[in-house]
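Quick note, our numbering runs 560 ahead of the 1-based positions in the sequence shown. Working notes, beginning with the structure itself.
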Amino acid sequence: MSEIVLSFQRFTMWPVVILASVVLLVVWWTYRRTSPPLPTGYKILLATLRSLVVVLLGMLALEPLLALGSGRSRPERVALLVDRSASMLLPQTGSPGGPDRLEAARALVEQWISGRDVAAIYTFGRELARLESIDGLAAGLLEDRTDLAGALEKLLSAPGPGWDRVVLVSDGRVNAGGSVLAALPDSGVAVDVVPLGGSPDGSDPALTGIEQISPAYEDGQVELELTLSGEARATLAVDIFLDGRKVAERRLQPPSGGASLSAERISFDAPAAGSYWLEASLRPLAGEFSELNNRRLHRLHVRQSRRTFLLISNSPDWDLTFTGRALSAVDDWDVSTLLILEGENGSTLHRRVRQGVFSAGSLPAAAELEDAALVLLHGNIAKLGRRFLGRLAQRAAAGALGLVLWPTVRFDPAVLPPELAGVLPVSSGAIIPLEAPATACRLYTNGRYGVLGALGGGGVIDDLPPVTTVYRGLKPVRSAEILAHAGSRGPLAGEGAPVLAVRPSAGVRSALITAQGLWRWHMQRQLGDPEDAALYFNMWRELAGWLTAAERRSPLVLEPGREVFGRGEPVSLSGEIRDGLDDGEIVIEASLWRAGSATVRDTVATLRTTRAAAGERDGFALDFGVLPPGVYFYGALASSGADTLWAGGELAVEQFSPELAEVRPDSLGLVALAASTDGRIISPGELAEELQPVGEVREMVTRQIGLARESWIYWMIVALLAAEWTLRRRKALA
């Protein structure tokens, strides 16, 4: 079957019709009366020749395309799409034991390869990828996310000839991306489905979560909350290991009464101060479907004592009182307040307040500042004295310090030592107090540093009571983040003055509060919901937690995105070069190796990158991709010429993935996908029979010709003009 189609790229109906009618009318008028007179047949012949020339020239101006179509048969193009998510490690049958779903998928892939000269095989998890070899389906490389919608959309919309059919091999568990049916392109491609996995015949409990409730100290208890899911008819037993040594065992109650989750708290004596790999392991039950979801890993840090907070003020007010209450409400924090008051005859009195008890005190010495995790300066900062501010600057130089400045009078950062002024969220310039507008304040909980992310689900809280005083002249530096604004003086005034600004800077995390009357956020909200009343205390808890998470200052900082990565989650490290290297090109060589023998280094990955001048203090990122479960050491060597810096640590990849807790395959979703695309449901045993040999597809092949680019049409016009001229000359019309 063949087709011929003529189309025009610049065709507009009415102008073309009118112009063609006028041209043909002129041609007809030209030959209506001639001298000498001509026979009617001769007139028609001449008019026809001229009309053809005019029509062809007009067509060329409209850029005609001639499409020649012909049918042909070819082998159908079939792509095999294989699930490579963690749920493929679950058993293939409903009973424990036997091959897992991944083994079944590998067998199908090998079967597919053996029957085709060119095998188009793709895998999907976090994203679509071409399978280069069967080793790409190794258990240690399976991913923690399954985005089937994104994989199908990318596969079917890729440039090229396209696929006639897609064969999907999966258990149907999807935990990422959008709806598969909604995201599927309208391509007319059939999706055949090979479902893998069976539902468990019996119970299958899972340990889906492990969380440390409070910080641990070497003379106290380690408190954990374990989250259980699944079904079990018997009491569960959990064993706790620290660095492979069993330290405790407890009995747990599984979810019951139709609940899908249950939480159990356990505690045990804390070990000596240090860092440990803590593993919680459920003992398997008889006939349990899978034991892969029974173990969770946690990095346990045990401290010697509680964190020390120092609140120093020479202008005590309600703001300081409520702040002290909020910080003292956290058992992990040892909070003391030093009040500097004016006595008789201009003398200065120092009063130390700890747990409501007053005692004589003095400005902290260097040793006390060394132990402090957070220092809050409140009041007239300049009157605290340069000697004390100098000691605080020396403490900041060591890093691992949270610093809060809360002026109550006009304040100029220039009064601070440069080491302190340099870490504030603002540049130099006087900050002047003004009366605040009587409109609601706004608190942002979704800042780039995640300071208040636990409040309000990462949204904006915009109904806070107005403050009494705000400050003008605040000029945030580029790395600062404004977390709160006062109300504005009109509906069109935009954001009000900044109230709370934060900034991380080289081992010091600072906050600047430029308002008075924040205590009203607590008092006025007490009249409402109890959860609203706790907002003020929770804000200080989150802010202080972020401020005290700063690290000791180091020339080279290297830290993982998290200490424990889930199975299939890409492992990444971030670093920063602060000083210690000459300016120029800096080479960074990083590696990961397995924890094990001290004499044998089992390196699993290495990366090399370069940075520009060290003085820029730019950070760098290292992505090692997906690694098999295990405990790893990591390290990076930064060098510039003969100078080198080293930093390292430990991280772990646990065997658990959220997909492993969902042990039942989603067969209904796979059936719906096949039905919506006119595909088939193929059992694994029938795959070879159903897909071999490859079928044939009848398709139309179209060849397009741009007539305006073809020389023969111009020769045709010349020939028509020559023929008309010859005929006219013969009748003495030329």
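Glycine included, every Cβ here is placed at the ideal spot set by N, Cα and C. Quantities reported herein were computed from a predicted structural model and do not represent experimental measurements.
Selected residue, minimal CA-CA separation from residue i, among the options
i, options, result
"GLY1077", "GLU1123, VAL753, TRP966", "TRP966"
"LYS1035", "ILE991, LEU952, VAL1068", "ILE991"
"VAL614", "GLU1284, LEU1211, PHE869, ALA1044", "GLU1284"
"GLU1149", "VAL1131, ARG1168, ARG1038", "ARG1168"
"VAL913", "ALA925, ARG951, LEU949, PHE869", "PHE869"
"LEU1227", "LEU728, GLY618, GLY700, ASP704", "It should be noted that the sequence gives Ser, not Leu, for residue 1227. The residue with the shortest Cα to Cα distance from SER1227 is LEU728."
"ASP761", "PRO656, ASP752, LEU784", "PRO656"
"VAL1030", "ILE1042, GLU848, ALA1057, SER1048", "ALA1057"
"ILE1021", "GLY1266, GLY962, LEU1095", "LEU1095"
"ARG866", "LEU949, ASP779, LEU1233", "ASP779"
"VAL1062", "GLY1054, GLU1055, THR1074", "THR1074"
"LEU1233", "VAL754, THR608, SER674, PRO651", "VAL754"
"LEU535", "LEU1107, VAL751, SER763, LEU691", "The chain is shown from 561 up to 1294; residue 535 falls before or after that span and cannot be answered."
"ALA846", "THR795, PRO831, LEU821", "THR795"
Alpha-carbon spacing of residue i relative to residue j, whole angstroms
i, j, result
"TYR1004", "MET1099", "11 angstroms"
"PRO1218", "ALA766", "10 angstroms"
"THR897", "LEU944", "14 angstroms"
"ARG843", "ARG855", "9 angstroms"
"GLU1129", "ILE773", "25 angstroms"
"GLU1145", "ALA1198", "10 angstroms"
"GLY546", "ARG825", "Since the first residue of the chain shown is 561 and the last is 1294, residue 546 is not available in this structure."
"GLU839", "PHE801", "5 angstroms"
"LEU1205", "LEU1118", "11 angstroms"
"GLY1190", "GLY700", "10 angstroms"
"GLN915", "LEU899", "14 angstroms"
"VAL1011", "TRP723", "48 angstroms"
"ARG1032", "SER907", "33 angstroms"
"GLU1136", "SER1114", "9 angstroms"
"ALA1174", "ALA886", "Because ALA1174 sits at a pLDDT of 43, beneath the cut-off of 50, its placement in the model cannot be relied upon, and the following sentence gives the value as read from the coordinates. For ALA1174 and ALA886, the distance between alpha carbons rounds to 41 angstroms."
"ARG1240", "GLU663", "23 angstroms"
"GLU1111", "SER850", "40 angstroms"
"GLU1176", "LEU1141", "Low per-residue confidence applies at GLU1176: pLDDT is 48, beneath 50, and the placement is therefore not dependable, though the value from the model is reported in the following sentence. Cα-Cα distance, rounded: 11 angstroms."
"TYR602", "LEU1293", "12 angstroms"
"TYR1274", "ALA1282", "12 angstroms"
"ARG644", "GLY834", "38 angstroms"
"LEU756", "VAL1147", "47 angstroms"
"VAL1186", "ASP931", "39 angstroms"
Exposure label - residue i; buried when at least 16 CB within 10 Å
i, result
"MET648", "buried"
"ALA1158", "Caution applies to ALA1158, whose pLDDT of 49 falls short of 50 and renders its modelled position unreliable; the value that the coordinates give is listed next. Label assigned to ALA1158: exposed."
"LEU716", "buried"
"SER1065", "buried"
"PRO814", "buried"
"SER816", "exposed"
"LEU994", "exposed"
"ARG1080", "buried"
"GLY1047", "buried"
"GLN864", "exposed"
"ASP1139", "exposed"
"PRO924", "buried"
"HIS861", "exposed"
"GLY962", "buried"
"VAL917", "exposed"
"GLY770", "Note that residue 770 is Ile in the sequence shown, not Gly. The residue is buried, with at least 16 neighbouring Cβ atoms inside 10 Å."
Inter-residue CB distance, residue i and residue j (contact presumed, cutoff 8 angstroms)
i, j, result
"GLU1123", "ALA1212", "7 angstroms"
"ILE694", "ARG661", "Their Cβ separation, rounded to whole angstroms, is 16 angstroms, which puts ILE694 and ARG661 out of contact at 8 angstroms."
"LEU788", "THR768", "7 angstroms"
"CYS1001", "VAL964", "Contact doesn't hold; Cβ gap of about 18 angstroms is too wide."
"LEU1116", "ALA1207", "4 angstroms"
"VAL986", "LEU1072", "6 angstroms"
"ASN874", "GLY939", "4 angstroms"
"VAL642", "THR706", "About 12 angstroms; that fails the 8 angstroms criterion."
"GLN781", "ASP746", "Not quite, the Cβ-Cβ distance comes to about 60 angstroms (not below 8 angstroms), so this is no contact."
"LEU606", "LEU1287", "6 angstroms"
"LEU1247", "LEU668", "6 angstroms"
"LEU1298", "ILE872", "Because the chain here runs from 561 to 1294, residue 1298 falls outside it and cannot be looked at."
Residue-level contact to chain C via CB, residue i, 8 angstroms cutoff
i, result
"PRO876", "Judged by its chain identifiers, the structure shown contains no chain C, having just a single protein chain."
Residue i beta carbon near the ligand MG (any heavy atom closer than 7 angstroms)
i, result
"SER875", "Inclusion of the ligand MG in the displayed structure is not the case, the ligand content being empty and no account of it being possible."
message: If we require 3 or more residues per run, which beta strand (DSSP E) segments fall completely within the segment 900 to 962?
response: 908 to 914, 917 to 920, 932 to 939
- request: Within the segment 1094 to 1153, note down every full alpha helix (DSSP H) run reaching 4 residues or more, in order along the chain.
  value: 1095 to 1107
- request: Report the residue ranges of all alpha helix (DSSP H) runs contained in full by the segment 1197 to 1257; include only those spanning at least 4 residues, in chain order.
  value: 1218 to 1221, 1227 to 1236, 1247 to 1251
- prompt: Of all the beta strand (DSSP E) runs that stay within the bounds of the segment 610 to 670, which reach a length of 3 or more residues?
  reply: 624 to 635, 638 to 643
- prompt: Considering only residues of the segment 804 to 891, which uninterrupted beta strand (DSSP E) runs meet the minimum length of 3 residues and lie entirely inside it, listed in chain order?
  reply: 805 to 812, 821 to 829, 834 to 842, 855 to 863, 867 to 873
query: Fully enclosed by the segment 696 to 731, which alpha helix (DSSP H) runs are 4 residues long or longer?
result: 708 to 716
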